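Notes to accompany the following structure.
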Amino acid sequence: VDTLKRIREIKQDSDTLKKIHHYECNPGYMRNNSDELSSAFKIASTDLGKDWTGLYQKLPFIPSRDRRERTRDLEVIDLSNRRTDAGFEQLAMKSLEKWRRLSSAASVEELIETLRKMKKRRTVRRIERELLQPTAATYAEQ
Numbered sequence: 045v046d047t048l049k050r051i052r053e054i055k056q057d058s059d060t061l062k063k064i065h066h067y068e069c070n071p072g073y074m075r076n077n078s079d080e081l082s083s084a085f086k087i088a089s090t091d092l093g094k095d096w097t098g099l100y101q102k103l104p105f106i107p108s109r110d111r112r113e114r115t116r117d118l119e120v121i122d123l124s125n126r127r128t129d130a131g132f133e134q135l136a137m138k139s140l141e142k143w144r145r146l147s148s149a150a151s152v153e154e155l156i157e158t159l160r161k162m163k164k165r166r167t168v169r170r171i172e173r174e175l176l177q178p179t180a181a182t183y184a185e186q
């Protein structure tokens, strides 16, 4: 059932054709990092607070999305969650999930790199400690 839901989600996504064309994807090819990425999203969303919009604006998108499209994405997320009185953690999680859906560049490594650019060292350390082997760059920052 989950697989069928995911297939339906992919088929309804307007950027699916762009991704297929850009990467010449083969049917059946699937990255095996979704569990790790979901865990990284949970860690990052708890630490971001009001910076969730800044993170979304800085994340790499393939196919690319300009600043206006990203701003519109953020407005939609914010408006859809006003009815439910969502906190920053939920808003951050929804924006990261949207990044995963819209960008084939979505990965733990890209998330960490963007968090580093934002000077979110504590969040980077938490993600690396819980999911990855710490890199030499992390030790150099300490």
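Mapped onto the numbering used here, the consecutive letters of the sequence shown carry residue numbers 45 to 186.
No residue lacks a Cβ here, since even glycine has one placed at the ideal position from N, Cα and C.
Just so you know, these numbers come straight off a predicted model, no measurement behind them.
Under 6 Å Cβ to Cβ from residue i, same chain only, skipping five residues before and after it: list those, please.
i	result
residue 155	84
residue 44	With the chain covering only 45 through 186, there is no way to say anything about residue 44.
residue 144	150
residue 128	none
Quick check on residue i: does DSSP put it in helix, strand or coil?
i	result
residue 162	coil
residue 168	helix
residue 176	coil
residue 84	helix
residue 151	coil
residue 58	coil
So, residue i versus residue j, is the Cβ gap smaller than 7 Å?
i	j	result
residue 146	residue 79	no
residue 135	residue 96	yes
residue 148	residue 106	yes
Quick one: does residue i have its CB under 7 Å from some CB of chain C?
i	result
residue 52	Checking the listed chains, one finds no chain C in this structure; it contains a single protein chain.
Does the distance between the C-beta of residue i and the nearest non-hydrogen atom of the ligand NAP fall short of 6 Å?
i	result
residue 82	The model on display carries no ligand, and the ligand NAP is accordingly not part of it.
To which residues of the same chain is residue i closer than 7 Å at the C-beta, ignoring the five residues directly before and after it?
i	result
residue 109	146
Are at least three pairs of beta-carbons, each pair with one atom in the segment 136-147 and one in the segment 100-108, less than 8 Å apart? yes
Take every Cβ of the segment 166-177, pair it with every Cβ of the segment 80-95, and state whether three or more of those distances are shorter than 8 Å. Contact between the segment 166-177 and the segment 80-95 is present: 3 or more CB-CB pairs across the two stretches fall below 8 Å.
Between the segment 86-95 and the segment 153-172, do three or more beta carbon pairs fall short of 8 Å? yes
Contiguous beta strand (DSSP E) assignments of at least 3 residues, all confined to the segment 103-138: none
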